[in-house]
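Asks:
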Ligand code: SF4
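Residue numbers (our numbering): 93 to 373.
#1: If you reduce the DSSP assignment to three classes, tell me which class residue 308 lands in.
#2: Measure the C-alpha to C-alpha separation of residue 198 and residue 291 and round it to an integer number of angstroms.
#3: Taking buried to mean at least 16 other C-beta atoms within 10 Å of its own C-beta, is residue 93 buried or exposed?
#4: With hydrogens ignored, establish whether the beta-carbon of residue 170 is closer than 7 angstroms to any heavy atom of the ligand SF4.
#5: Going by DSSP, which residues form a beta bridge with residue 132?
#6: Indicate the three-state DSSP secondary structure (helix, strand or coil) for residue 299 in the structure shown.
#7: Looking only at DSSP bridge pairs, what is residue 329 linked to?
#8: Give a single yes or no on whether residue 167 has its beta carbon closer than 7 angstroms to a heavy atom of the ligand ADP.
#9: Please report the Cβ distance between residue 132 and residue 339, rounded to the nearest whole angstrom; I am assuming they are in contact, meaning their Cβ atoms lie under 8 angstroms.
#10: When you measure from the CB of residue 375 to every non-hydrogen atom of the ligand SF4, does any distance come out below 7 angstroms?
#11: Buried or exposed: residue 205, going by 16 or more other Cβ atoms within 10 Å of its Cβ?
#12: Which residue spans inside the region 103–180 form an unbroken beta strand (DSSP E) run of at least 3?
#13: Check residue 222 in the structure and name its three-state DSSP category.
#14: Is there contact here, the region 251–262 with the region 234–242, by at least three beta-carbon pairs under 8 angstroms?
#15: Please give the ranges of any alpha helix (DSSP H) in the region 204–285, keeping only runs that are unbroken, at least 4 residues long and fully inside the region.
#16: According to the neighbour-count rule (16 or more other Cβ atoms, all chains shown, within 10 Å of its Cβ), is residue 137 buried or exposed?
#17: What does the Cβ neighbour count give for residue 77, buried or exposed, with the cut at 16 atoms within 10 Å?
#18: Looking at the unbroken alpha helix (DSSP H) that takes in residue 357, where does it start and where does it end?
#19: Quick check on residue 372: does DSSP put it in helix, strand or coil?
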C-alpha cells in the first residue's frame with residue numbers, strides 16, 4: 093500500500109510553492125464559523141527572511157482567498173480559501189511568537205499578505221493585534237478592497253499598510269483585476285490618510301497592461317495628495333507564476349509578455365517621483 097503523502101509544512105521556502113486543496117476537507121459550517129470569528133484561518137504558508145515585505149527582515153504569513161483575478165497574479169493558488177492549510181489562531185500566534193525576539197532585534201517584523209488577507213478579516217485583525225501585543229512591527233499587505241472591514245481600532249494595531257493598487261480609473265481597474273472597481277480601494281486609502289496611518293504603495297508594471305502613463309500619473313497624484321505614502325514601489329512583472337496558471341488550467345493572458353525593460357521601470361518610477369512620492373529603486 094503506498095504511504096499516505098505527508099501534508100506540507102506550514103512553513104514554505106517561498107510563496108511560489110504550489111499549494112492546493114489543503115483545506116478542502118474542512119466542513120462548510122466550520123469555514124463559515126472561522127470567517128465569522130477568526131478562530132481559524134486558511135494559510136498558504138509562513139515564510140521567513142523576506143527583505144521586501146516591509147521594513148527590515150520579515151516573517152510573512154500568506155493567506156488564501158482573493159476577490160480579484162489580476163492578470164499578473166503570480167500566486168493564483170491563493171485565490172481559493174480551501175487551497176490553504178487550516179490553522180487555528182492560537183497556532184498562528186505561536187508561529188509568530190517563535191520569531192518575535194529575532195524580528196525585534198533585527199528591526200524587522202511580521203507581514204500578513206496573501207491572497208487577500210481581508211477575505212479573512214477577523215483572523216487577520218486578531219493575529220495582527222496579538223502580534224502588535226508582542227511589540228513586533230506589523231504590516232498588512234492588501235489590495236484594499238475590503239479595508240472597511242477593519243475598525244479604526246484594528247487599524248491602530250497595524251504599523252504599516254502595503255497597498256497594492258492596480259489602476260486608477262474604473263475601466264483600467266476592472267480590466268486588470270477581472271471586473272471589480274476600485275472605489276473601495278480609493279476610499280480605504282483616503283481613510284488611512286485621515287487616520288494618519290502610513291502606506292507603502294505598490295504598483296506592478298506589466299508591459300501592454302499597466303504601463304499606461306495617464307493611469308500612473310493619476311494614481312501618483314492621488315497617492316501624493318494622501319500625505320501618508322512613505323514609499324512608492326514599482327514591481328516589474330515577471331513570469332514566475334506562469335506554471336501555476338498552467339497547472340490550475342487557468343486562462344493566462346500574459347504568456348508572451350516579457351518583463352519590462354529597466355528603462356520602462358525607470359520611467360514609471362519617474363512618474364511617481366515626479367508627483368513628489370518617495371520612491372524605492
Ligand atoms: S490582489 Fe493579489 S492575490 Fe489577488 S489576484 Fe491580484 S495579485 Fe493575485
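Cβ atoms here follow ideal geometry from the backbone N, Cα and C, with glycine treated the same way.
Replies: Walking through what the data contain:
#1: Correct three-state label for residue 308: helix.
#2: Cα to Cα, the separation comes out at about 21 angstroms.
#3: For residue 93, the predicted model reports a pLDDT of 45, less than 50, meaning its position is unreliable; a value from the coordinates is still stated below. Under the 10 Å beta carbon count, residue 93 is surrounded by fewer than 16 other beta carbons and is classified as exposed.
#4: yes
#5: Beta-bridge pairing links residue 132 to 180.
#6: coil
#7: Bridge partners of residue 329: none, in fact.
#8: Among the ligands modelled here, namely the ligand SF4, the ligand ADP does not occur.
#9: Contact flag wrong, Cβ pair sits at about 27 angstroms.
#10: Any property of residue 375 remains undetermined from this structure, which presents the chain solely from 93 to 373.
#11: buried
#12: 132–142, 150–155, 177–180
#13: Three-state DSSP puts residue 222 in a helix.
#14: Enough Cβ pairs lie closer than 8 angstroms, so yes.
#15: 213–225, 244–248, 262–269
#16: buried
#17: Examination of residue 77 is not possible in this model, given that the chain is present from 93 through 373 alone.
#18: 354–366
#19: strand
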